[in-house]
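Worksheet: the structure to be examined is printed underneath.
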Amino acid sequence: MTTLPLSHPVSPSLNLTRMWNDAPAFTGLSLFIAQTAVPLMAAAMLDQRIFLDAPIWQKPLQFHLALATYTLTLAFFARYLPAGMTGRNWRIYAGVVCFCVLAELVWVGGAATFGIASHFNTDDVVMGTIYGFMGVFAVILTSASAVMGIAIWRNQTTGLAPALHLSIALGLVLTFILTLVAAGTLSSMPGHHVGTPVTGAALPVLGWSREVGDLRVAHFFATHALHVIPLVGLAAAGLGAVIGKRLVWAASAAFAALVAATMWQAFQGQPFLPWLG
Amino acid sequence: MTPETLFQIVNPVAMLGWLALIAAPLAPRLTDRIAGLVIPLFLALAYSALILVHWSEAEGGYGSLPDVMALLSDPDIALAGWVHYLGFDLFVGAWAVRTARAERIPHLLVLPHLALIFLFGPAGFLTFHAMAAAFRLRAANTGQPA
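So the sequence lines, in the order shown, correspond to chains R and U.
Following this note's numbering, the numbering of the first sequence begins with 370 at its first residue and continues without gaps.
Following this note's numbering, the numbering of the second sequence begins with 28 at its first residue and continues without gaps.
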């Protein structure tokens, strides 16, 4: 039996060694965040406090899960960065991104410890200032997806099928743009709910309101563009470069429309998919 | 010597150990000896003396939470408990610095964990271990240390 050289590896491997080599800081940080979720789970079991209609440790746990996923995803896509890019400047930038990720987690976890709000907390000068800084940190940590997306876009030597190549680059860039819009809008509001009455009915795990508009829905989808669009690209990779790329563009447009639609829906005071939950 | 006086002595002594740990890369072996041995031994000595003198007269015991609380309501025993924290936390801090050096974890990355061990001992032990585990996994996966 002969082995055929695959010019376009369709399914990239989830090899951890690869991620360590391509993005040691993101990989290590992801594992660290995942592990430090364990004491938070223990705290959640001990703590009966409810904050804004949700168990108080739900939000820190969601942030650990979300940022562990985000950093691991970046580590996975780092293999498609141009060879010369991961030098000293890149390592400094990655270090700054990691710092911002950790700062967000300390802030959100610390707020839970003290039973106060993290986001939207402008109760006093100190918390208001911290909230402002955390907004800047959030933009910096999300910028990593844009920086990587653009670099991967320009890299002509990824060896990927054109549709998959485009989908990875576009997904990363879209995560930044859509998150900036969705989360920026969210943070300009007094809170994540639009409408009344809020009695606390919410979807499990995600925590989205079942009774009023919830701006976090759009943020969730926006931030997951870097997962959804590449999956479309993976499916479209076998359809040839032209059709495949068109499909990726169409899916990206549709996905951006979905984010816009969930945002519009929230502003109407409507819960996401009312029949769910 | 009153418990208050001894309290005023043990705190800066422990602090000296923590300052040494922060600056550990400047003099690794000296730091190991001071923060990992000499100061913990000094604090162990203070603890042992306090227990030898005051244990018999103290109320309470180890059997139940109310017993432990009664035990710690005695100022001398509470001080002994505090010295126990100081000594063992510093010992763990010195262990973290040594472990990081042996496994080539940058000292800068150890500092936040040292702060946590200093303030909330076991929590810092937990986070340091989480970080060290990530570095170990990396070494195992890539066949090279950090």
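From the three backbone atoms N, C-alpha and C, an ideal C-beta is built for every residue, glycine too.
Take residue i and list the residues in its own chain whose beta-carbon comes closer than 7 Å to its own, dropping the five residues that flank it on each side.
i: U/ALA85; result: LEU98, ASP101, ILE104
i: R/PRO424; result: ALA413
i: U/HIS140; result: ALA123, GLY151, THR154, PHE155, MET158
i: U/ALA121; result: LEU48, ASP59, ALA62, GLY63
i: R/GLY602; result: ALA532, LEU533, LEU535, SER536, ILE537, VAL617
i: R/GLY464; result: ALA394
i: R/VAL581; result: HIS562, VAL563, GLY564, THR565, VAL567, GLY638, PRO640
i: R/GLN634; result: GLY582, PHE641
i: R/VAL477; result: LYS428, PRO429, PHE432, SER487
i: R/THR631; result: VAL586, ALA587, PHE590, PHE641
Can you give me the Cβ contacts of residue i inside the same chain, cut-off strictly under 6 Å, excluding the 5 residues immediately before and after it?
i: U/PRO67; result: GLY114, LEU117, PHE118
i: R/LEU510; result: VAL466, CYS469, VAL470
i: R/THR440; result: PHE395, LEU398, SER399
i: R/ASP391; result: ALA447, ARG448
i: U/LEU92; result: none
i: R/ALA403; result: ALA437
i: R/GLY560; result: PHE489
i: R/PRO599; result: SER536, ILE537, GLY540
i: R/SER512; result: none
i: R/GLY569; result: ASP422
i: R/MET370; result: Model confidence at R/MET370 stands at a pLDDT of 41, short of 50, so the residue's coordinates are unreliable; what they give is reported in the following sentence. There are no such residues.
Can you check whether the C-beta of residue i is within less than 8 Å of a C-beta belonging to chain R?
i: U/MET28; result: no
i: U/ALA131; result: Before going on, a small fix: residue 131 of chain U reads as Arg here, not Ala. It does not: the Cβ of U/ARG131 has no partner Cβ on chain R nearer than 8 Å.
i: U/PHE174; result: Examination of residue 174 of chain U is not possible in this model, given that chain U is present from 28 through 173 alone.
i: U/THR169; result: yes
i: U/LEU92; result: no
i: U/ALA161; result: yes
i: U/ARG165; result: yes
i: U/MET158; result: yes
Would residue i pass as an interface residue toward chain U - the criterion being a Cβ-Cβ separation below 8 Å?
i: R/THR386; result: yes
i: R/LEU647; result: Because chain R is modelled from 370 through 646, residue 647 of chain R falls outside the range shown and cannot be assessed.
i: R/ASN390; result: yes
i: R/GLY397; result: yes
i: R/PRO531; result: no
i: R/GLN404; result: yes
i: R/LEU510; result: no
i: R/PHE502; result: no
i: R/LEU400; result: yes
i: R/PRO393; result: yes
i: R/PRO573; result: no
i: R/PRO408; result: yes
Taking 8 Å as the threshold (C-beta atoms), are residue j and residue i in contact?
i: U/LEU48; j: U/VAL124; result: yes
i: R/THR548; j: R/HIS588; result: yes
i: R/HIS433; j: R/LEU385; result: no
i: R/VAL563; j: R/PHE636; result: yes
i: R/ILE521; j: R/THR527; result: yes
i: U/ALA73; j: U/LEU33; result: yes
i: R/THR544; j: R/ALA591; result: yes
i: U/GLY148; j: U/TYR112; result: yes
i: R/MET410; j: R/ALA444; result: no
i: R/LEU541; j: R/LEU575; result: no
i: U/ARG131; j: U/PRO55; result: no
i: R/VAL628; j: R/ALA551; result: yes
i: U/LEU106; j: U/PRO30; result: yes
i: R/GLY504; j: R/SER557; result: no
Below 8 Å CB to CB, which residues in the same chain sit around residue i once its five sequence neighbours on both sides are set aside?
i: R/GLY497; result: ASN490, THR491
i: R/ALA452; result: THR526
i: U/MET96; result: GLY87
i: R/LEU608; result: ALA532, LEU616
i: R/HIS593; result: THR544
Sorry if obvious, but does the Cβ on residue i come closer than 7 Å to a heavy atom of the ligand ADP?
i: R/VAL470; result: Ligands displayed in this structure: none; no statement on the ligand ADP is therefore possible.
Continuous alpha helix (DSSP H) assignments of at least 4 residues falling wholly in the region 70-157 of chain U: 92-99, 102-129
Three CB pairs or more closer than 8 Å across the region 614-624 of chain R and the region 523-537 of chain R: yes
Stretch-stretch touch, CB-based, cutoff 8 Å, three pairs: the region 415-430 of chain R with the region 476-488 of chain R: yes
Meets three-Cβ-pair contact criterion under 8 Å: the region 29-44 of chain U and the region 62-78 of chain U: yes
Length-filtered (4 minimum) alpha helix (DSSP H) runs lying within the region 589-623 of chain R: 594-605
Any alpha helix (DSSP H) of 4 or more consecutive residues that is wholly inside the region 481-524 of chain R: 494-523
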